[in-house]
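Student:
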Amino acid sequence: MTSLLASGEALARLRGLPGVDQVGLEQRAAGLATRSIKTTAKAWAIDTAIGMVDLTTLEGADTPGKVRSLCVKAMRPDPSDPGCPKVAAVCVYPAMVPTAAAELAGSGVNLASVATGFPSGQVPLEVKVADTQAAVAAGANEIDMVINRGAFLSGRWGVVFDEIVAVKQACGAAHLKVILETGELATYDNVRAASWLAMYAGADFIKTSTGKVSPAATLPVTLLMLQAVADFRAETGRQVGVKPAGGIRTTKDAMRYLVTVNEVAGPDWLTARWFRFGASSLLNDLLMQRQKLATGRYSGPDYVTVD
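For the sequence shown, our numbering begins at 257 and goes up steadily by one.
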């Protein structure tokens, strides 16, 4: 893939992608948002969504105690029900990776770390590589990398590509999620081009947002990225995951995304291996809805742990 893109042929191909039909895309997303999941399948859908959550804390005020509490919640989201699935991963800053790694050891919950100058991406490549290597050495098995949007928007796509390749190499066996920060890419055409660029460079996942910029994840953008990964697999045979992050707070929201995954990319993506929610408050609402299905009563937020 590297030589293909470096040759200029693939870069030209990316720049020559046809424009995205904005009206058609948004209409399709709006139509999918009206679909409902039947009661008989809702319990499965809620458990599936819980198992897809990357439970996240990315605040300047994060402490080891907060991270340990988050890890406990990730491993057993509902302490009253041992049948409740674990979340997919805990996502923290690199400085908190050792704390999270010690708490999650042997649990089967993945440990993701944002690196590469999150959330701006405006640091030298050698810093991005060192940041990634340090997080992996401390126990992270997933890296959420943010691209340099300034380079992308100024047309220096080769720079973005080379940085993703270098960070992917620094990841070793860890999976790489590439954050596009779609709210700053401004157009659907840019989102599609950035998605393909990241996949050609070796991304294991493409992710919408850092959660620090508005708008964050939206259904039309996620639909576009899901179509990109489906087309990429058809072209190359390699499957890439998708992670919408930021602004997904309710079970109803999560159900809309699951319907979109199934309809656009297909059922192969309906697992935590290929689809994740970057979220913090979403898990609480999923747990409350799960309890309501089991008991017939809506417990309310006082019956779930506060993140």
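Just so it is clear, CB atoms sit at the ideal spot from N, CA and C, and this is done for glycine as well.
1. Assuming G502 and S537 are in contact, meaning their beta carbons sit under 8 Å apart, how far apart are those beta carbons, in whole angstroms?
2. If you reduce the DSSP assignment to three classes, tell me which class R271 lands in.
3. So, at 7 Å on beta carbons, what are the nonlocal neighbours of A301 in its own chain, with the 5 sequence-adjacent residues on each side left out?
4. Looking at the structure shown, is L261 part of a helix, part of a strand, or coil, going by DSSP?
5. Which residue's Cα is closest to the Cα of T478: L432, W525 and G458?
6. Are there 16 or more other CB atoms within 10 angstroms of the CB of G204, so buried, or fewer, so exposed?
7. Could you please give me the residues that DSSP links to K499 through a beta bridge?
8. Tell me which residue opens and which closes the alpha helix (DSSP H) that M544 is part of.
9. Output yes or no for whether 8 Å exceeds the beta carbon distance between P338 and L543.
10. Among residues of its own chain, excluding the 5 on either side of A521, which ones have a beta-carbon nearer than 7 Å to its beta-carbon?
11. Does the count of Cβ pairs from the segment 348 to 356 and the segment 440 to 448 closer than 8 Å reach three?
12. From the DSSP output, which residues share a beta bridge with D400?
13. Quick check on this structure: which residue in A356, S336, M331 and A472 has the alpha carbon closest to the alpha carbon of S363?
14. Hey, out of Q495, N540, D460 and R448, whose CA is closest to R271's CA?
15. Out of curiosity, what's the CA-to-CA distance linking G428 and S336?
Tutor: Taking the coordinates as given:
1. Incorrect: roughly 11 Å between the Cβ atoms, too far for contact.
2. R271 falls in the helix class under three-state DSSP.
3. The answer, listed in chain order, is I293, M511 and L514.
4. Here the model assigns L261 a pLDDT of 49, short of 50, so the residue's position is not dependable and the matter cannot be decided.
5. Selection L432, W525 and G458 evaluated against T478 yields W525 as nearest (Cα-Cα).
6. Since the displayed the chain opens at 257 and closes at 563, residue 204 lies outside it and no answer follows.
7. DSSP output for K499 lists K463 as bridge partner(s).
8. It spans S537 to T551 - the alpha helix (DSSP H) in which M544 sits, taken as one unbroken run.
9. For P338 and L543, no; Cβs fall outside 8 Å.
10. The residues L482, V485 and A486, in chain order, have a CB closer than 7 Å to that of A521 in the same chain once the five nearest residues on each side in sequence are set aside.
11. No: the two stretches stay apart, fewer than three of their Cβ pairs being nearer than 8 Å.
12. Per DSSP, V370 and K433.
13. Comparing Cα-Cα distances from S363 to each of A356, S336, M331 and A472, the minimum goes to M331.
14. Ranking the options by Cα distance to R271, first place goes to R448.
15. The C-alpha of G428 lies about 38 Å from the C-alpha of S336.
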